[in-house]
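Visitor:
Residue numbers (full-length UniProt numbering): 1 to 692.
1) Please identify the residue among 465, 8 and 78 whose C-alpha is closest to the C-alpha of residue 315.
2) Just reading off the beta strand (DSSP E) that residue 625 is part of, what are its end residues?
3) If you run the structure through DSSP and keep just helix, strand and coil, what is residue 642?
4) Is it true that the CB of residue 83 sits closer than 8 Å to the CB of residue 434?
5) Helix, strand or coil: how does DSSP classify residue 149 here?
6) Starting from the C-beta of residue 419, find all residues in its chain whose C-beta is less than 6 Å away, skip the five residues before and the five after it, and write them out in chain order.
7) Within 10 Å of its beta-carbon, does residue 183 have 16 or more other beta-carbons around it, so buried, or fewer, so exposed?
8) For residue 603, count neighbouring Cβ atoms within 10 angstroms of its own Cβ and tell me buried if that reaches 16, exposed if not.
9) Within the present structure, is the beta-carbon of residue 203 separated from the nearest heavy atom of the ligand GTP by less than 7 Å?
10) Kindly identify the DSSP beta-bridge partner or partners of residue 136.
11) Ignoring anything shorter than 3 residues, give me the beta strand (DSSP E) runs that lie fully in the region 81–124, in order along the chain.
12) Taking the CB atoms as reference points, tell me whether residue 11 and residue 69 lie closer together than 8 Å.
13) Quick one: what's residue 574 bridged to in DSSP?
14) Below 8 Å, how does it come out for the region 42–52 and the region 97–111: are there three or more Cβ pairs, yes or no?
15) Do three or more CB pairs link the region 590–601 to the region 541–559 at distances below 8 Å?
16) Compute the Euclidean distance between the alpha carbons of residue 275 and residue 181, then round it to the nearest angstrom.
17) Under three-state DSSP, which class holds residue 463?
18) Under 7 Å Cβ to Cβ from residue 673, same chain only, skipping five residues before and after it: list those, please.
19) Cβ atoms of residue 266 and residue 293: under 8 Å apart, would you say?
20) Residues in the same chain with beta-carbon distance under 8 Å from residue 470, minus the five sequence neighbours each way, listed in chain order, please.
21) Is it the case that the Cβ atoms of residue 197 and residue 75 are separated by a distance below 8 Å?
22) From what residue to what residue does the beta strand (DSSP E) around residue 535 run?
23) Identify which residue in 357, 52, 38 and 78 has its Cα closest to the Cα of residue 61.
24) So if DSSP puts residue 58 in a beta bridge, which residue, or which two residues, is it bridged to?
25) In three-state DSSP terms, what is residue 458?
26) When burial is assigned at 16 or more other CB atoms within 10 Å of the CB, is residue 281 buried or exposed?
27) How would you call residue 382, buried or exposed, if buried means at least 16 neighbouring beta carbons within 10 angstroms?
28) Who are residue 700's beta bridge partners in DSSP?
29) Helix or strand or just coil, what does DSSP make of residue 588?
30) Please check the pair residue 237 and residue 268, which I expect to be a contact at CB under 8 Å, by giving their CB distance rounded to whole angstroms.
31) Thinking just about the alpha-carbon of each residue, which of 350, 417, 15 and 385 is nearest to the one in residue 441?
32) Mapping the DSSP letters down to three states, classify residue 11 as helix, strand or coil.
33) Measuring only the C-alpha atoms, how far is residue 35 from residue 306?
34) Buried or exposed for residue 19, please, with buried defined as at least 16 other CB atoms from any protein chain shown within 10 angstroms of its CB.
35) In the DSSP assignment, what residue or residues form a beta bridge with residue 731?
36) Between 369, 627, 402 and 400, which lies nearest to residue 387 when the distance is taken from Cα to Cα?
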């Protein structure tokens, strides 16, 4: 089947020596059906070797006006689709037109807009990574795309259905021409790949002019709200999925520990596995000050949220669950939404009783943005950027939100605009509710990554968000600010305290062989979620008692002193080796307990410090019975470093018994245990890091 004819239109106002280069990029195209129309007032235009090509036409005109030239050349075009090019520009890649038309045909588009690449010093500057992504541009999100992508201020390089190209008013700015196509309800899409280029010598790319645009996204008008009746009982909304459920423990425990009166906690979810649901039910029986009510999202509302694109977000769909509060909780008129990566340090009664006045929600500024000139908040909200809020804590007037059909309106807006957001739900709420927000004291949403910029901070709610990676479940060996360290360890303690309440975890003695000198190694112990362990250091310890936070530790001079250890199990780590993840010990012990294991060997990855490289072996995450006759044979088979004790878990009873019978070093003792115990396994999952 023959492809549609594409007309490439090149208005030439001034003679220049770059036209031939532009034509070369067109004639190199692998698209099989094109015509080229050059419109010019110059009678002797140099076409070089292309002069006799039947696909090229030159239309001479007396016009010296680019708008008139564009209008007339469109009328002359025979193609179903047209693309304007500047003679100083051109197409990128031999398949540029093929790629354009593929999406036109596949998605039934009227207008195809793509990334440009800059050309300077004979070098193309090409962006990669999202070339396969196509996004709709519509009257709702056009404003955001205009601010985000310079290409929307240019006519060239767009593949346009001729029937729409004929409707364009070419006398207006190029920005207005593209806006006109969107206003005409053309099917317009943005493509992240590069299909045309801009020569740097042409000068700077045009910037958007917001004063020109008539397409502005919907903003909720300022509401006149009758005086709100604040209930006496505090309601809390949390939203979870399986990936984040375990991060919830510290928040729930801290809320239970700080509240003066009983709090109703609504936990909204779509799907949770049996393990997570079981844990939540156990938590509900242990936290006496919290009334925990799980709320499942039904199919209809979930499908509405699934229509929201996550193309440009690293955040999960569950961030949008908070939109459903008015629908899922019809009996509730006010609620405090909290992100799960938070910690409550004081009673929330004062926050709960804060009047919102004529506002739909109450929230705190996102200080890492609002306090930084030219940050996302100002690019996104313009002169209202100082009131850009973090959506991790919201007081929500659900009664007022129902009256304005909040869910339907915010969801419709987000479905059409999400691709242009940086922070998903937060951007949607900030834009749509920008005139209906009461800004609250930042102590109610104190972002940990910013806390060292605040004089005498007294947070009521600590929020572990941000791009710096300073989170309780991450290794934070470079964090030295005292308050940050304090709140990191406070979150970890709350997690461990709650886990200890809901399950009878046996105590583990983590035995550090060769002394403790590395902060990375200490941090890998402090961030463990396992609720019942102590640290025993054989060798030098360079850290103070404050560095260990709430973790019990002791130092010994010989293996014989391990008889005094409090743990039922020993887990060994040598030298600089460290635990990989916050739940490494929890996973190890869960496997050992559930399978009644006497000796468990675990898989590692290797860090070669001189190279700064990690070497990672394939992991099956399977529990494998050990059949090799010796520890040496096992290490040879599985590629482990023989003679090392790191990553080995054994029962204290067996270890001490063998220790009392033999005055041997750690390697010999473990070799003897390996040969003696019956129930021994290998966990082929990377839970620790060997450092060389």
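Even for Gly, the Cβ is constructed at its ideal location relative to N, Cα and C.
Guide: Walking through what the data contain:
1) 465
2) 623–625
3) Its pLDDT being 46, under 50, residue 642 is placed unreliably by the model, and the measurement read from it follows with that caveat. Of the three classes helix, strand and coil, the one that applies to residue 642 here is coil, per DSSP.
4) no
5) coil
6) 135, 309, 311 and 312
7) exposed
8) buried
9) Judged by which ligands are present, the structure shown has none, so any question about the ligand GTP falls away.
10) 189
11) 81–84 and 111–120
12) yes
13) 513
14) no
15) no
16) 52 Å
17) strand
18) 599, 650, 654, 655 and 658
19) yes
20) 448, 449, 464, 476, 479, 484 and 488
21) no
22) 533–538
23) 38
24) 38
25) coil
26) exposed
27) exposed
28) Lying outside 1 to 692, the shown extent of the chain, residue 700 is not represented and no answer is given.
29) helix
30) 7 Å
31) 350
32) strand
33) 43 Å
34) buried
35) This structure leaves residue 731 out entirely; the chain is present only between 1 and 692.
36) 369
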